[in-house]
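**Student:** Counting from 8, one number per residue, gives the positions in the sequence shown under this note's numbering.
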Amino acid sequence: MTYRKTDEAVSKLTPEQYRVTQQNGTERPFTGEYTDNKRPGIYVDIVSGEPLFASA
8 MTYRKTDEAV
18 SKLTPEQYRV
28 TQQNGTERPF
38 TGEYTDNKRP
48 GIYVDIVSGE
58 PLFASA
């Protein structure tokens, strides 16, 4: 699989998203937007749009 990362997609990231996705950063434990998320769905990479995993 080829990872598709465009300059346009990267330029739309928030500073935290950029740090986590492009600089191998992490968010503080239990502070993320999805910490308590229980919704089913298909979750995708914020940069490439490729599916990462499905949750039921």
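Ideal Cβ positions, reconstructed from N, Cα and C, are used throughout, including at glycine.
What would DSSP say about Ala63, mapped onto helix, strand or coil?
**Tutor:** Counting from one through the sequence shown, the residue named residue 63 turns up at place 56. Coil at Ala63, not helix or strand.
**Student:** Check whether the Cβ atoms of Glu11 and Ser55 lie closer than 7 Å to each other.
**Tutor:** Within the sequence shown, numbered from 1, the residue matching residue 11 stands at position 4. Within the sequence shown, numbered from 1, the residue matching residue 55 stands at position 48. The question names Glu, yet the displayed sequence has Arg at residue 11. A contact, by the Cβ cut-off of 7 Å.
**Student:** Where does the unbroken beta strand (DSSP E) through Val54 begin, and where does it stop?
**Tutor:** Within the sequence shown, residue 54 is the residue found at index 47, counting from 1. Counting along the chain, Val54 falls outside any beta strand (DSSP E), and DSSP gives it neither H nor E.
**Student:** Thinking C-alpha only, which one of Pro36, Gly48, Phe37 and Val17 is nearest Gln29?
**Tutor:** Numbered from its first residue, the sequence shown carries residue 29 at position 22. Taking only the C-alpha atoms, the option nearest Gln29 is Val17.
**Student:** Considering Asp14, what are the terminal residues of the alpha helix (DSSP H) in which it resides?
**Tutor:** For the purposes of this step, residue 14 is identified with residue 7 of the sequence shown, where counting begins at 1. Per DSSP, Asp14 belongs to the alpha helix (DSSP H) from Asp14 to Ser18.
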